[in-house]
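Visitor: Per this note's numbering, residue 67 is the first one in the sequence shown, and the count goes up by one each step.
Quick reminder that beta carbons are idealized off the backbone N, C-alpha and C, glycines included.
Predicted, not measured: the structure shown is a model, and the values here were computed from it.
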Amino acid sequence: MPSKPRRMIDGTLAPAATDGERQNPLRAGIESDRISDPCSIVLFGASGDLFKRMLLPALWSLRLRGILPSGFALIGFARTKYTDDSFRTYCKEQLDAFAPDGSKPQGELWDTFAQSISYVCADFKQLAHFQELKRRLAENDERFGTRGNRLFYLATPPSVFPGIIDMLRRAGLDPRSNEQGWTRIVIEKPFGTDLTSARALQRTVQRVFGEHDVYRIDHYLGKEPVQDIMALRFANTIFEPIWNRNYVQSVQITSAESIGIEDRGNYYDNAGALRDMIQNHVLNLLALIAMEPPASSDADAIRNEKFKVFSAIASPRHEDVMNMSARGQYGPGKIDGAKATGYRQEPGVSPQSNVETFAALRLSVENWRWAGVPFYLRSGKRLARKVSEVVVTFKPIPHRLYGESTDAIEPNILVVKIEPDEGVALRFEAKVPGPKSHIRSVFMDFNYGTGFGFHSPPAYERLLADAMRGDQTLFTRWDAVELAWEIVMPVLDVWENTKDFSFPNYPAGTQGPQTAFTLLPDWRAL
Ligand code: NDP
């Protein structure tokens, strides 16, 4: 007998359950996500790449999943000339192009969603345009029941962040002037380009917003397998007793891409791999692996523990930088059999560029749990394969029992797979069936997609919904951002002041520069 149609949390009809949902016992009893607070979202930079490819599809998907409240409105804010109507048409075109199959904008749901979209054509330097924004927000409160709640999302180049924040204050759009509801701000990465600029941006932010109003986004933290690191550690008893210097030999954290810099040459040639990936994404992964169990799942309890990890990492002395780091830059090569351009030949890049497209570091977390355990971090572009993962390598066995066998006995490793595969794998040694004692490595492999019968939602969906709910757990607190900059600054200083004459030092499509293997000979192959 067909089951009764389900209603979503906002009362609309839910799509029929898939076979996977009906049959998978792992999904039984899982409740729908909590609906977000009513609010207006103001998208600064609504004509840009991030909005069309990520943010708009994420909002539309939240609408489809019933997580957006009925009291919702979206205001685009940028210089490109749109009217409300032409911006709605633009949004529909972008969703036609970027929303996943099966969620294209159509029907009654789209019509209602489209009505809640409007646009302010604005120069970020004109106070009058922010006053117009204020008027529109008040109108939305009346029309859509958004109750004075405002979420400002900065999806513009970071150079204009301070100007926008200052204008919000001058137009009376700051939290202190909002007597009716909440006012929050989401700030895209990068938060500063070095320690000095990050502190300057923070001074501007805190003149207008309290820390509990600020959502510094690192979309890596919204990925399900990243969130699952905590569940793996703290919802199981078997890992935690061995999660320390007594059992762990080393930790490798990799975030590798096979793509190059695409059309972001101007940005990337002023940033490099250390700023672009290690200072934020990769260090945040390290914090989740190394942190102590928080006292609760409360945002600040978790962020306190992450802060303590960063406090325990000594920033390297300038004279030690070359021994604890490796850098690389890709030259021409091949990716999947196709020719790939070298970095210095990419548009927007200086032909003599000294900027690294690969960075690797060895850090140590100087505390009771981790003293003496090296943490190796690497990230790069145009490598052999796209892969993000954490590899925890355990200590070798203390005594070899299989004396007559010459088989190598590999240490156990636990692999947390983040991208493109999502899951957890444990390598252990097993006896090959037969009369002889041959030992081989085998894997126990859990994959989220097959395990739970669905793939995790894109990170931006989760993060936008959390910001609308006021949950800061997956957003980075200022004290951690500041410490992360302090950790990488000596490396940035030394690298910027010493040209690497071997650049380019790895062909596109390979395992990275040889210097990375001097730092650590047994990186897991990409
Ligand atoms: P784009 O250059 O594509 O878009 C920038 C947006 O800001 C446009 O809407 C532009 O619109 C507006 N803008 C730019 N300069 C000004 C200005 N002086 N005054 C007013 N408006 C301006 O950038 P992205 O969308 O790629 O990136 C936006 C932010 O998101 C950046 O901080 C980036 O680091 C971050 N980010 C982007 C990712 C991506 O995949 N694209 C991934 C992770 C982070 P208009 O010209 O119409 O005003």
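Assign Gln268 to one of two classes, buried (16 or more other C-beta atoms within 10 Å of its C-beta) or exposed (fewer than that).
Guide: buried
Visitor: Report the residue ranges of all beta strand (DSSP E) runs contained in full by the region 278-335; include only those spanning at least 3 residues, in chain order.
Guide: 280-282 and 314-322
Visitor: Measure the C-alpha to C-alpha separation of Phe569 and Lys452 and round it to an integer number of angstroms.
Guide: 22 Å
Visitor: If Phe494 and Gln315 are in contact, beta carbons under 8 Å, what's the gap, nearest whole angstrom?
Guide: So it is not a contact: roughly 15 Å between Cβ atoms.
Visitor: What separation, rounded to the nearest whole angstrom, lies between the Cα atoms of Leu586 and Gly394?
Guide: 15 Å
Visitor: Hey, would you say the C-beta of Met524 is under 7 Å away from at least one heavy atom of ligand 1?
Guide: A small fix is needed here, since residue 524 is Pro in this sequence, not Met. Checking every heavy atom of ligand 1 against the Cβ of Pro524, none is found closer than 7 Å.
Visitor: Using C-beta distances below 7 Å, list every residue in its chain close to Ala361, excluding the 5 sequence neighbours before and after it, in chain order.
Guide: Scanning its chain for C-beta atoms nearer than 7 Å, with the 5 sequence neighbours on each side dropped, one finds around Ala361 the residues Ala367, in chain order.
Visitor: To which residues of the same chain is Thr320 closer than 6 Å at the C-beta, ignoring the five residues directly before and after it?
Guide: Within the same chain, Arg444 and Glu455 come within 6 Å of Thr320 by CB-CB distance, once the 5 residues on both sides are set aside.
Visitor: Determine whether the beta carbon atoms of Val547 and Ala180 lie at a separation below 8 Å.
Guide: no
Visitor: If you pair each beta-carbon of the region 486-493 with each one of the region 504-524, do three or more pairs fall below 8 Å?
Guide: yes
Visitor: So which of Gly536, Asp167 and Ala525 has the shortest CA-CA distance to His347?
Guide: Ala525
Visitor: For the alpha helix (DSSP H) containing Asp150, name the first residue and the last one.
Guide: Asp150 to Phe164
Visitor: At 3 residues or longer, and completely inside the region 376-437: list those beta strand (DSSP E) runs for me, N to C.
Guide: 391-394, 399-401, 404-406 and 424-430
Visitor: One question on the structure: do Arg369 and Ala574 come within less than 8 Å of each other, judged by their Cβ atoms?
Guide: no
Visitor: Can you tell me the Cα-Cα spacing of Thr576 and Phe583, whole angstroms?
Guide: 13 Å
Visitor: Starting from the C-beta of Glu323, find all residues in its chain whose C-beta is less than 6 Å away, skip the five residues before and the five after it, and write them out in chain order.
Guide: These residues qualify, in order along the chain: Lys447 and Lys452.
Visitor: Would you kindly work out how many angstroms separate the C-alpha atoms of Gly536 and Gln246, rounded to a whole number?
Guide: 16 Å
Visitor: Going along the chain, which residues of its own chain have a beta-carbon closer than 6 Å to the beta-carbon of Phe373, five neighbours each way excluded?
Guide: Asp545 and Ala546
Visitor: Would DSSP call Lys170 helix, strand or coil?
Guide: coil
Visitor: Keeping to the same chain, check which residues put their C-beta closer than 7 Å to that of Arg140; ignore five residues upstream and five downstream.
Guide: With the sequence shown as reference, residue 140 is identified as Leu, and Arg is not the correct amino acid for it. Excluding residues up to 5 positions away in sequence, Ile107, Leu109, Leu125, Ser182 and Ile183 lie with their Cβ nearer than 7 Å to the Cβ of Leu140 in the same chain.
Visitor: Residues in its own chain within less than 6 Å of Tyr185 by CB, not counting five upstream and five downstream?
Guide: Gly142, Tyr148, Asp150 and Phe153
Visitor: Among all the DSSP beta bridges, which residues are the ones paired with Tyr442?
Guide: According to DSSP, which records beta bridges pairwise, Tyr442 is partnered with Gln318 and Arg428.
Visitor: Look at the alpha carbon of Leu217 and the alpha carbon of Ala297, and state the distance between them as a whole number of angstroms.
Guide: Rounded to the nearest angstrom, the two C-alpha atoms are 29 Å apart.
Visitor: Buried or exposed: which applies to Arg543, given that a residue is buried once 16 or more other Cβ atoms fall within 10 Å of its Cβ?
Guide: buried
Visitor: Compute every distance between the C-beta of Val226 and the non-hydrogen atoms of ligand 1, then say whether any falls below 7 Å.
Guide: yes
Visitor: Can you tell me which of Ala496, Trp561, Thr407 and Asp279 puts its alpha carbon nearest to the alpha carbon of Ala426?
Guide: Trp561
Visitor: Thinking just about the alpha-carbon of each residue, which of Ala533, Tyr334, Asp260 and Val317 is nearest to the one in Gly438?
Guide: Val317
Visitor: Excluding the 5 residues flanking Phe227 on each side, which residues of the same chain have their C-beta closer than 7 Å to its C-beta?
Guide: Leu220, Ile253 and Leu267
Visitor: Can you find a heavy atom of ligand 1 that lies under 7 Å from the Cβ of Pro223?
Guide: yes
Visitor: Among Gln272, Ile283, Glu358 and Phe424, which has the Cα closest to the Cα of Ile57?
Guide: Residue numbering for the chain in the displayed model covers 67 to 592; residue 57 lies beyond these limits and cannot be assessed.
Visitor: Got a sec: does ligand 1 put a non-hydrogen atom nearer than 7 Å to the Cβ of His413?
Guide: Looking at the sequence itself, residue 413 is Pro, so the reference to His does not match. No, the beta carbon of Pro413 sits no closer than 7 Å to any heavy atom of ligand 1.
Visitor: Does Val570 come out as helix, strand or coil in the three-state DSSP assignment?
Guide: In the sequence as presented, Val is not what sits at residue 570; that position holds Pro. Coil at Pro570, not helix or strand.
Visitor: Under three-state DSSP, which class holds Thr259?
Guide: coil
Visitor: Quick check: the region 223-243 against the region 158-178, are at least 3 beta-carbon pairs closer than 8 Å?
Guide: no
Visitor: Comparing alpha-carbon positions, which option in Glu485, Ala450 and Arg506 lies nearest Tyr468?
Guide: Arg506
Visitor: Quick check: is any heavy atom of ligand 1 less than 7 Å from the C-beta of Ala144?
Guide: yes
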